[in-house]
Amino acid sequence: MEKLTIFDLLNGKKSVKLGVLKIKDSNDKIIITLVPDTSSVGTYGVKLSNGTNTQGIRMMYKASMEIDDLIIHFENYMNTDEPGKTYTVELEQKQSKLPKEEKELDPLKEELKRLKKIKYKTYPLEQKIKQLEQLIFLNPAKWQIGQGVGWKVTTNQINRGYQIAKIDYQNKEAIIKPVADTGLTIDGSDKMPMEWHRVSMVDLIRDKKYDLAS
């Protein structure tokens, strides 16, 4: 795994807490902060603070320097500068660079992208693309359990007399149940609702007449 550098640790910030400087056989803990080194542009020094006193040290560390190497160098620097004491650095963050979090793909958007790449599209395919576009931009929160709805079985047919019984917000689907014998659908055919159905929210039409409170 790629090692963390000063540049990575800063992540666009001017300065950043590196960790804590500890002294053997002492309860003292000194905060170490990486700061720009004013003696050389593009390099970094450290600022030490115990909460009362602050000390700046010009180290001229380059942004590309790995944190592992910085720790070794700074511990040696402190232990050489003050013999008789043993200094160790405890990092604030992990030394290893974490892998970039992969962006979760939206299966609906990926399917839409795939279908749109098809050069010659049939009418059913065009309708599928249209439905996917509607589904992607649909806000599932607009539908609630107990609402009366109609169900678009086809482009020209809407079955009436349903009510939302359950909702699958993740997949933008609803389970609807028949609550009335409407007799005729909008196209004039005699297909009265008889069963519960799982349908896409794109195919729902609001119908307050069949609300739970009605």
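Take the sequence shown: its letter number 69 is residue 171 in our numbering, and every next letter is one higher.
Backbone N, C-alpha and C define an ideal beta-carbon position, used for all residues, glycine too.
- Between the segment 269–278 and the segment 212–230, the count of C-beta pairs closer than 8 Å stays below three; the two stretches do not touch.
- DSSP places Y225 in the uninterrupted alpha helix (DSSP H) bounded by Y225 to F239.
- A straight-line Cα-Cα distance of about 30 Å links S128 and M167.
- Around K211, the same chain offers I238 as residues with beta carbons nearer than 8 Å, after the five sequence neighbours per side are excluded.
- For L214 against E235, the beta-carbon gap comes to about 7 Å, under 8 Å, which counts as contact.
- The C-alpha of Q249 is placed about 15 Å away from the C-alpha of D270.
- For K124, the uninterrupted beta strand (DSSP E) run begins and ends at V118 to I125, by DSSP.
- For E192, the uninterrupted beta strand (DSSP E) segment begins and ends at Y189 to L193.
- A distance of 7 Å or more separates the beta carbons of E194 and K124.
- Linking V304 to L240 through their CA atoms gives a straight-line distance of about 7 Å.
- Beta-bridge pairing by DSSP links R216 to no other residue.
- Secondary structure at V143: coil, using DSSP grouped into helix, strand and coil.
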